Amino acid sequence: MKNQKHAMILIFLLMILALSGCSSNSVKEDEIVEDGLNINSISIGLGGSEEDEGITVVTYHFNLWNRTNTSIMLKTVEPILGKDIQERLIDRDIKLDINKKVDGDSSEALTGTFKLDTRGLDKEGIINLNINVNEYNVAIEQVIGMNEVNN
Numbered sequence: 014m015k016n017q018k019h020a021m022i023l024i025f026l027l028m029i030l031a032l033s034g035c036s037s038n039s040v041k042e043d044e045i046v047e048d049g050l051n052i053n054s055i056s057i058g059l060g061g062s063e064e065d066e067g068i069t070v071v072t073y074h075f076n077l078w079n080r081t082n083t084s085i086m087l088k089t090v091e092p093i094l095g096k097d098i099q100e101r102l103i104d105r106d107i108k109l110d111i112n113k114k115v116d117g118d119s120s121e122a123l124t125g126t127f128k129l130d131t132r133g134l135d136k137e138g139i140i141n142l143n144i145n146v147n148e149y150n151v152a153i154e155q156v157i158g159m160n161e162v163n164n
């Protein structure tokens, strides 16, 4: 009787362990997102300003890929800059107003610029600023509705 009770407890614990293993596997699969917005490539260019010698113009270009099955309305894009670069911005408003539809499973090429105060820096000093524009705040609008099932 005692062995049968231990066996039942052991079977019960194994079932709980098996079920919890299944549920954690599904959570892991959910973490791997097969759709969403991704950036395919980023390029950055640095140039001088024609108006002022102490200003560097940073131009960035990237492809935003809409991996969803639905269209989105791309509202704004803003590069995320480090504190050192933010302090050198000539104009703090570097947000791009896009307001463009991006179809599902397609990409959109985006280009923006911002100006930095680089007075007193030579070419090497500007390069040492380590101007990276690898991340962006992207604001989108998406229309969704309730799925209707035909019986």
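Going by this note's numbering, the first residue of the sequence shown is number 14, and it counts up by one from there.
No residue lacks a Cβ here, since even glycine has one placed at the ideal position from N, Cα and C.
No experiment lies behind these values; they were computed from the predicted model shown.
**Request:** Check each candidate in L50, W78 and N53 and name the one with the smallest Cα separation from S119.
**Result:** The residue you call residue 119 lines up with position 106 of the sequence shown. When each option's Cα is compared against that of S119, the closest is W78.
**Residues of its chain near V101, where Cβ-Cβ distance is below 8 Å and the 5 sequence neighbours each way are ignored** = One-based indexing of the sequence shown puts residue 101 at position 88. As written in the sequence, residue 101 is Arg, which differs from the Val given in the question. Cβ within range, chain order: L129, D130, T131 and L142.
**Given I111 as reference, the closest of I103, L123, R105 and G117 once Cα atoms are compared** = Position 98 of the sequence shown, counted from the start, is the residue given in the question as residue 111. Out of I103, L123, R105 and G117, L123 has the C-alpha closest to the C-alpha of I111.
**Asked** In chain order, what residues of the same chain have a beta carbon less than 6 Å from the beta carbon of Q155, not counting five sequence neighbours either side?
**Response** Taking the first residue of the sequence shown as position 1, residue 155 is located at position 142. Same-chain partners within the cutoff: I85.
**Item:** K108 versus M159 - alpha carbon distance
**Value:** As a first step, residue 108 must be located in the sequence shown, where it is residue number 95. As a first step, residue 159 must be located in the sequence shown, where it is residue number 146. Taking the straight line from one Cα to the other gives about 33 Å.
**Request:** Could you name the residues of the same chain whose beta carbon sits closer than 7 Å to that of N51, not counting the 5 residues immediately before and after it, in chain order?
**Result:** One-based indexing of the sequence shown puts residue 51 at position 38. Counting only Cβ-Cβ distances below 7 Å, and skipping sequence neighbours, we find W78 and R80.
**Message:** Taking the straight line between their C-alpha atoms, what separation do you get for E66 and V90?
**Reply:** Translated into positions along the sequence shown, residue 66 becomes position 53. Translated into positions along the sequence shown, residue 90 becomes position 77. Answer to the nearest angstrom: the Cα atoms are 28 Å apart.
**Item:** Endpoints, the beta strand (DSSP E) within which E121 is located
**Value:** As a position in the sequence shown, residue 121 is number 108, starting the count at 1. It spans S119 to D130 - the beta strand (DSSP E) in which E121 sits, taken as one unbroken run.
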